[in-house]
Amino acid sequence: MKLHRIHHVAIICSDYTASKRFYTEILGLSVVAENYRSARQSCKLDLGLPDGSQLELFSFQNPPKRLSYPEACGLRHLAFEVDDVAAWKTKLESSGIAVEDVRVDEHTFKRFVFFADPDGLPIELYEAHIRGGG
20 MKLHRIHHVA IICSDYTASK RFYTEILGLS VVAENYRSAR QSCKLDLGLP
70 DGSQLELFSF QNPPKRLSYP EACGLRHLAF EVDDVAAWKT KLESSGIAVE
120 DVRVDEHTFK RFVFFADPDG LPIELYEAHI RGGG
């Protein structure tokens, strides 16, 4: 018996419209399903990645704020694998998103970069392949 892969990650947002736009229009995730759950007065948006994994985006009325950024106990950040971190940095910045400088992982020598979603959730983009020249 073993775990196979991450099926989904759930995110609670404060502004459903802004977060939906961010994850679909800026990051390019596809909408798998979108439902309004009247009993909870909550929207649930299932977003898909090419490998079949998903993000679940939830809206709730008055969710509590994140305790601290980014060092609270619990989930530290969400990371996506990409082919070209620098190209993504340019794309995100052209959409008005503040992106940290590209860094190189000292152990894998792969490039990565951090930015935040509309609620300040730290997101990392991690390059799939080692590029020459650092």
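FYI, the numbering for the sequence shown is 20 to 153, going by this note's numbering.
By construction, the Cβ of each residue, glycine as well, lies at the ideal position given by its N, Cα and C atoms.
On a predicted model such as this, the values are computed, not experimentally measured, just so you know.
Subject >> Coil, strand or helix - Phe128 by DSSP >> reply: As a working note, residue 128 is residue 109 in the sequence shown. Coil, per DSSP.
Original post:
Can you tell me whether DSSP reads Lys63 as helix, strand or coil?
Top reply: The sequence position of residue 63 within the sequence shown is 44, counting from 1. Note: Lys63 maps to strand in three-state DSSP.
Original post:
Are Glu97 and Ile142 closer than 8 Å when you measure CB to CB?
Top reply: Start at 1 with the first residue of the sequence shown, and residue 97 comes out as number 78. Start at 1 with the first residue of the sequence shown, and residue 142 comes out as number 123. Here residue 97 is Leu; the residue named in the question, Glu, does not match the sequence. Cβ atoms of Leu97 and Ile142: closer than 8 Å.
Original post:
If Ile30 and Leu76 are in contact, beta carbons under 8 Å, what's the gap, nearest whole angstrom?
Top reply: In the sequence shown, the residue the question calls residue 30 occupies position 11. In the sequence shown, the residue the question calls residue 76 occupies position 57. The Cβ separation is near 5 Å, so the contact holds.
Original post:
Would Val121 pass as a contact of Phe134 if the rule is Cβ separation under 8 Å?
Top reply: Residue numbering aside, residue 121 sits at position 102 when the sequence shown is read from its first letter. Residue numbering aside, residue 134 sits at position 115 when the sequence shown is read from its first letter. Against a cut-off of 8 Å, the Cβ pair of Phe134 and Val121 comes out as no contact.
**OP:** With distances taken Cα to Cα, identify the nearest neighbour of Lys129 among Val101, Ser72 and Glu112.
**Re:** The count along the sequence shown starts at 1 and reaches residue 129 at position 110. Nearest option by C-alpha distance: Val101.
Original post:
In or out: Val132 buried (at least 16 other Cβ within 10 Å) or exposed?
Top reply: Translated into the one-based positions of the sequence shown, residue 132 becomes position 113. Val132 is buried by the Cβ-count criterion.
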